[in-house]
Structures are given as C-alpha cells and as structure tokens.
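Just add 4 to wherever you are in the sequence shown, counting from 1, and you've got this note's numbering.
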Amino acid sequence: MDRTERQRRLIQALLTEMPEYRAFAAEFSGDRYSQRRLLRSLMNLRPPMPLDPAFLAEQDALLEAEREEKGVVEADDLTPTAADPRLVLWQGDITRLRADAIVNAANSALLGCFQPCHGCIDNAIHSAAGLQLRDDCAKLMAAQGSEEPEGRAKLTPGHALPARYVIHTVGPVVRGRVPTDRDRAALGSCYRSCLELAGERGLESVAFCCISTGVYHFPNEEAAAIAVDTVKAVLDQGSTVRRVIFNVFKDLDAAVYRRLLGGDRAAESCP
Ligand code: AR6
5 MDRTERQRRL IQALLTEMPE YRAFAAEFSG DRYSQRRLLR SLMNLRPPMP LDPAFLAEQD
65 ALLEAEREEK GVVEADDLTP TAADPRLVLW QGDITRLRAD AIVNAANSAL LGCFQPCHGC
125 IDNAIHSAAG LQLRDDCAKL MAAQGSEEPE GRAKLTPGHA LPARYVIHTV GPVVRGRVPT
185 DRDRAALGSC YRSCLELAGE RGLESVAFCC ISTGVYHFPN EEAAAIAVDT VKAVLDQGST
245 VRRVIFNVFK DLDAAVYRRL LGGDRAAESC P
C-alpha cells in the first residue's frame, strides 16, 4: 500500500476513536508532510486504551519503513573513546540507534509526552516506537499504583524502534539556577538505576540521552560530569553491560562530553 494511503487510514482510525479531535485535524493541510504531523499529533494525544491489531499492523509497517529511511545506526559499530573502550560518544537522534536499550527521559506519569509533536525525547521515542509503548507503560504504572519517583528505571520493549528495549527514567526538575544536592543525587541515581536494570536483564549495550538537561533544566556541564562519573563507577563494579553510548543531541552537549571523555576520537557524529 502507498504510504499516503496508509497515513490516511491510520488518521481515520484515530479520529473514529477520538472524534473530539476532528476540528483540530481540519486545521492541517492535505499534503503528505502535514498529514504525517497530524498522525503523530493524534498518536501523541491518544490516551492508553485497547489497541486494534489491524491498526497496529499498519502503524508498524509505516514506522518500520520510516526507520529504514532515517537509517539505523548500529551501536556496536561506533568507535569507542580512546581513553575507555567501554564508552562511546555519538551525536544524533536516539530513535536511530540499534542498542540493547536506549534510555528515555520520562516524566513521573511515565506515559510519554501528550503534547502534539513536542520536541522532547519522550515524544520522539514514543512516536517512533508506536502506540504499544504507551500501553506497556500504562500497564507498568497501573501495577505500581503511584507516580514514578525520580532516579529509578523501568524497562519496556522497543517495538518499532531499532533498539530492543527502552529504559524509562525520571530525572530531577531543577527549579532554581543551581541544582540542589538532592537533584545531583537523583540524576546520578537515574544513570545507576538504568545500568543496574540493564545488568539484571543481561543487556550488553545501553545508550543514554542527556537526562534532565532539556525541559527539566539541569545545567549541561554538571549533568554530563555526573553521567560520566556514575556510569564509570557502575561499570567498574562489574556488569553485563560492556558498551555505554552517551547520545548527545545538541552541539553544546557534544562539546561538553568530548571534553570530559577526552580527545577528538570521542566524537562520532551522524550526517
Ligand atoms: N535523540 C536524542 N536526544 C534527544 C532527542 C532525540 N531525538 N530529542 C531531544 N533530545 P528533554 P528532560 C535531548 O527535554 O530535560 C519531556 O516532555 C535533548 O536535547 O527531552 O529530562 C518528558 O515527558 C536533551 O539533551 O528531557 C518530561 O516531561 C535531552 O534529550 C520532560 O521532558 C533531554 O531533554 C523531561 O525533561
């Protein structure tokens, strides 16, 4: 089936489920790119509820075609840093990475981002994985019966992502200009908890985003120092994880991590 037709059918199915967004949908123009944004928006807005297998088959076909088009980056093919062969620095979109797990910077509801086409990593990961991811998260949260505290970790499958699993962690929200000791400890705990969970599941490669440094305003340099120190300390204690990818998105973070990890060989950037 042609991609435009597939998008149209997926949008129609979502609007049948959520007729309250028909007026919102009418604001998008009819070209393929606007319609793709509409589809992503509706997926972002959709609350967790039962999923129709026929819808999922079409959604997965679309997401898998897009995944190949964006290009999958094999975590195992990336060049490690000169100073530490367990560590890799890579700049790019985490939804392209094929690692055993990628880490999502979530919020305490742990259901993904509901703001249509928002630029956060939570939105990028859920949008590329498919609606099954929110459903998985909703089940974990229902079983837990309370919000996810900062500094812990939960694991779900990656669905249409190249990564096998997503590890969801909630970083601290920095409210003043300077993080408190509690914020610093919570951020370290995010990295530690994710690696410990990966180790319990026998995973070998984990890609971290720069947790809390976007919407949650943790200063980049200090966050990176906590990330690198904590990851090294956990790996030094022994883990099934043999490769950790520090996935940076912004040039600022690329420069900070390059300095911390030492040398230009630490930079692998995608086109
Ligand atoms: N690939 C890799 N990194 C990315 C991508 C991507 N596709 N997109 C953004 N980043 P943020 P937080 C980087 O704000 O500060 C969400 O709404 C980004 O440049 O996503 O922990 C959640 O639902 C930054 O370096 O997460 C929470 O409400 C890093 O990801 C809240 O934001 C984290 O930025 C969490 O805030």
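Even for Gly, the Cβ is constructed at its ideal location relative to N, Cα and C. Fair warning: this is a prediction, and the values are worked out from it, not measured in the lab.
Proximal residues to residue i (C-beta, below 7 Å), its chain only, five neighbours per side dropped
{"i": "S243", "result": "L199, G203"}
{"i": "S34", "result": "Before going on, a small fix: residue 34 reads as Gly here, not Ser. Excluding residues within five positions, none has a Cβ falling inside 7 Å."}
{"i": "Q63", "result": "L14, G134, L135"}
{"i": "R269", "result": "For R269, the predicted model reports a pLDDT of 44, less than 50, meaning its position is unreliable; a value from the coordinates is still stated below. Hits under 7 Å: T83, T85, A86."}
{"i": "Y4", "result": "Here the chain comprises residues numbered 5 to 275, so residue 4 is not present and cannot be evaluated."}
{"i": "L256", "result": "N224"}
{"i": "L264", "result": "A228, A229, V232"}
{"i": "H163", "result": "A133, G134, Q136, L137"}
{"i": "D139", "result": "P52, L55"}
{"i": "G75", "result": "R100"}
Residue from the options with nearest C-alpha to residue i
{"i": "L66", "options": "A258, A157, L165, R263", "result": "L165"}
{"i": "C121", "options": "R13, N48, Y220, L207", "result": "N48"}
{"i": "A259", "options": "A58, S209, L93", "result": "L93"}
{"i": "I230", "options": "L256, R188, S209", "result": "R188"}
{"i": "A69", "options": "Q11, T234, A157, I249", "result": "Q11"}
{"i": "L239", "options": "F59, E72, Q63, R196", "result": "R196"}
{"i": "E73", "options": "A86, A132, R186, P89", "result": "A132"}
{"i": "D6", "options": "F28, R36, A30, P23", "result": "R36"}
{"i": "E208", "options": "S38, A103, V76", "result": "A103"}
{"i": "R246", "options": "M53, R90, E9", "result": "R90"}
{"i": "F250", "options": "G266, Q241, A211", "result": "A211"}
{"i": "G206", "options": "H172, L159, V182", "result": "L159"}
{"i": "G266", "options": "P52, D88, A61, E9", "result": "D88"}
{"i": "G123", "options": "A30, F28, R41, F59", "result": "R41"}
{"i": "A167", "options": "R181, T184, D80", "result": "D80"}
{"i": "H172", "options": "L60, A147, L201", "result": "L201"}
{"i": "P161", "options": "P176, Q148, K143, A147", "result": "K143"}
According to DSSP, residues forming a beta bridge with residue i
{"i": "A109", "result": "T173"}
{"i": "N251", "result": "W94"}
{"i": "H232", "result": "As written in the sequence, residue 232 is Val, which differs from the His given in the question. Its beta-bridge partners do not exist; DSSP assigns none."}
{"i": "V210", "result": "A105, V248"}
{"i": "V77", "result": "L101"}
Proximal residues to residue i (C-beta, below 8 Å), its chain only, five neighbours per side dropped
{"i": "D56", "result": "A17"}
{"i": "I129", "result": "I98, T99, I106, N108, G116, L137, L165, V170"}
{"i": "S193", "result": "E154, G155, R156"}
{"i": "A227", "result": "L191, C214, I215, S216, T217"}
{"i": "Q119", "result": "N48, N127"}
{"i": "I125", "result": "I98, N108, A109, C213, G218, F253"}
{"i": "S273", "result": "Note that S273 has pLDDT 47, beneath the 50 cutoff, so the model's placement of it is unreliable and no number is given."}
{"i": "P275", "result": "Confidence in P275 is poor, its pLDDT being 37 and thus under 50, which makes the residue's placement unreliable; the coordinate value appears in the next sentence. Around P275: no qualifying Cβ."}
{"i": "R44", "result": "P120, C121, S131"}
{"i": "T8", "result": "R36, Q39"}
Own chain partners of residue i with C-beta closer than 6 Å, once the 5 adjacent residues on each side are dropped
{"i": "V235", "result": "Y195, V248"}
{"i": "R221", "result": "As written in the sequence, residue 221 is His, which differs from the Arg given in the question. Around H221: V178."}
{"i": "C141", "result": "L114, L115"}
{"i": "E21", "result": "none"}
{"i": "M145", "result": "L114"}
{"i": "V77", "result": "R100, L101"}
{"i": "S112", "result": "E151, E152, V174"}
The ligand GTP heavy atom lying under 6 Å from the CB of residue i
{"i": "N48", "result": "Looking at this structure, you won't find the ligand GTP anywhere; what it does contain is the ligand AR6."}
* Report the residue ranges of all beta strand (DSSP E) runs contained in full by the segment 137-198; include only those spanning at least 3 residues, in chain order. => 158-161, 169-174
* To do: Scan the segment 19-43 and note each continuous alpha helix (DSSP H) run of 4 residues or more that stays entirely inside, going in chain order.
  => 26-30
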